[in-house]
Amino acid sequence: MEVEVRHGFYRDVVRALTGAEIPVLVGGAYAMRYYAGVRRDTKDLDLFLTRARARRAVRVLSRRGYSAQIISPHWLGKVLGDGAYVDLIFGSRNGLCPVDPTWFRLAEPGRLLGLPVRWVPAEEMIWSKAFVMARDRFDGADVAQLIRARGRTMDWRRLLERFGSNWAILFMHLVHFAFTYPSEHGAVPAWLLEELEGRWQRERSSVNGRRRICRGTLLSPAEYLEDIGPRGYVDPRRREAASEN
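Just so we're aligned, residue 5 is where the sequence shown starts under this note's numbering, counting upward by one.
Below is the structure:
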């Protein structure tokens, strides 16, 4: 009965937002099952929407009787009901992965709990999960599973553009993937590895004279506070450091 109640809550939230003409995409555990066949027990539903629609979504769901609020103004809202919750995600904790119209333009159609839905594109799932490397959570396994299942059909050039100056994080996950699935090298195009290897070599050769930056704050909000405090490293989340990163 608990599962039925939870699923009823999810369906009601999706219907309410759809009825209010607020487009949402399904991500998280349900999207991992759709894309990669990864099954896990979950008590939450991750819905992605643009930041411009987030506060309206909260108002719509609050009028429906749910406890709904924006938890963090740059990336997250939360809806509580029936012993479960729905995350309304419009960015990322580090501020690097905002939900934009491209997510919706390239979303895949599907069904969830009997309702028509659209899934977060696999590329955007990898992009947003790649930076989750806190002490208590690491989404690298999800990234590897997505590459295994979808790597041969993904738009790798678009994904590389998504990472921008943080391309080294993508490179790291590709090395992790190669270690995890040594028989699946064909899932990653050779041109991408050659491009990133070249960038890595150029990065290493130009390190002298650079400002002391700790990019760890983009991966975990708490694990690198000593570096940007007493040790004197610059936090790349600061605007003045971003142009040099």
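Even glycine gets a Cβ: it sits at the ideal position worked out from N, Cα and C.
- Sequence-distant Cβ neighbours of ARG10 in its own chain, meaning closer than 7 Å and more than five residues away, are LYS47, ASP86, GLY87 and ALA88.
- The beta-carbon separation of TRP131 and PHE108, rounded to 15 Å, does not stay under the 8 Å limit for a contact.
- Counting only residues of its own chain and dropping the five nearest sequence neighbours on each side, SER76 has no CB closer than 6 Å to any other CB.
- Linking ALA126 to GLU6 through their CA atoms gives a straight-line distance of about 30 Å.
- The criterion of a C-beta distance shorter than 7 Å is not satisfied by VAL136 and HIS177.
- Judged by DSSP in its simplified three-state form, ILE26 adopts coil rather than helix or strand.
- Excluding five sequence positions before and after PHE175, the CB atoms of its chain that fall closer than 6 Å to its own CB belong to LEU200, given in chain order.
- A direct Cα-Cα distance of roughly 15 Å separates ARG43 from LEU117.
- Annotation: the continuous alpha helix (DSSP H) that includes ARG109 extends over 105-109.
- In the three-state reduction of the DSSP assignment, GLU188 falls in the coil class, being assigned neither a helical nor a strand state.
- Cβ contact annotation for ARG15 (same chain, cutoff 8 Å, sequence separation greater than five): LEU117, GLY118 and LEU119, in chain order.
- Within 10 angstroms of the beta-carbon of ASP45 lie fewer than 16 other beta-carbons, which makes it exposed.
- Within the region 14-77, the complete beta strand (DSSP E) runs of at least 3 residues fall at 48-52 and 71-76.
- By the criterion of at least three beta-carbon pairs nearer than 8 Å, the region 215-222 is in contact with the region 234-241.
- Just so you know, the alpha carbons of LEU49 and TRP171 end up roughly 29 Å apart.
- Beta-bridge partners of PRO120 (DSSP): ARG115.
- With a 10 Å radius around the Cβ and a threshold of 16 neighbouring Cβ atoms, ARG19 comes out exposed.
- The distance from the Cβ of LEU29 to that of VAL90 is about 13 Å, inconsistent with a contact at the 8 Å cut-off.
- If you check the CB distance, LEU84 and SER71 come in under 7 Å.
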